[in-house]
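Here the structure is laid out as structure tokens; the discussion comes afterwards.
Numbering (my numbering), first residue to last: 24 to 265.
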């Protein structure tokens with residue numbers, strides 16, 4: 024009797040185990056079926072998108088080629104323009120534009136023969152400044168130059184303070200004032216050295232020079248300079264280059 028009871032318990036346990044396995048198998052089948060269904064739907068959706076994109080591209084290509092076929096070529100446009108132009112009648116007269124006389128070439132300052140004479144005077148001033156030769160310097164000036172004695176005194180004082188190492192005069196423009204006088208615009212670039220401190224400096228000035236014919240030679244009659252450009256800041260040097 025006891026053996027029968029134990030057998031029944033074992034049979035009941037085995038039946039319960041086999042039932043659980045069947046339930047798990049059914050759940051696995053349901054999960055697999057669900058995954059297969061999702062995969063099929065995803066594939067269909069993806070192919071639907073591919074089909075839509077392909078149809079859209081085909082539609083755009085059709086519109087593009089249809090527009091190209093409607094645009095006339097350049098040769099057709101030129102032909103239409105030529106046809107639209109009115110043909111000249113046999114009675115029309117061809118008139119030529121009136122000829123405008125060519126203006127005479129302006130005389131540049133570089134073409135003035137006296138330019139070499141002015142440059143020669145400036146070279147003489149440069150040579151006198153570098154050599155500190157007061158007689159050579161004064162020979163470039165007219166005897167009627169205003170305050171010539173004061174200019175000589177001021178130049179000698181500046182030579183006691185500074186050595187002129189280099190000096191260049193550039194003629195920017197020359198104009199003929201009258202038969203005997205020329206007006207030259209000159210830029211001066213000078214390099215000088217303080218005699219005591221040996222400090223070197225560079226200075227640039229712009230001058231307007233009047234040169235008059237004196238006894239067959241053109242000499243400096245008047246010198247003016249731009250005050251705005253004369254801020255050298257060097258005591259005893261202002262106005263001492265020309």
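We put the beta carbon where it would ideally sit given N, CA and C, even for glycine.
When rounded, the separation of the alpha-carbon atoms in residue 57 and residue 75 is 27 Å. For residue 93, same chain residues with a beta-carbon under 6 Å away, outside a window of 5 residues either side, do not exist. Within the same chain, 151 come within 6 Å of residue 160 by CB-CB distance, once the 5 residues on both sides are set aside. Annotation: residue 162 is outside any alpha helix (DSSP H) and is labelled neither H nor E by DSSP. Secondary-structure assignment with DSSP links residue 237 through a beta bridge to 240.
Rounded to whole angstroms, the separation of the alpha carbons of residue 202 and residue 180 is 37 Å. Approximately 4 Å separates the beta-carbon atoms of residue 244 and residue 235; this is inside 8 Å, confirming the contact. With fewer than 16 other CB atoms across the displayed protein chains lying within 10 angstroms of its CB, residue 48 is exposed. Within the DSSP secondary-structure output, residue 68 pairs in no beta bridge.
Your pair residue 145 and residue 209 checks out as a contact, with CB atoms roughly 7 Å apart and the cut at 8 Å.
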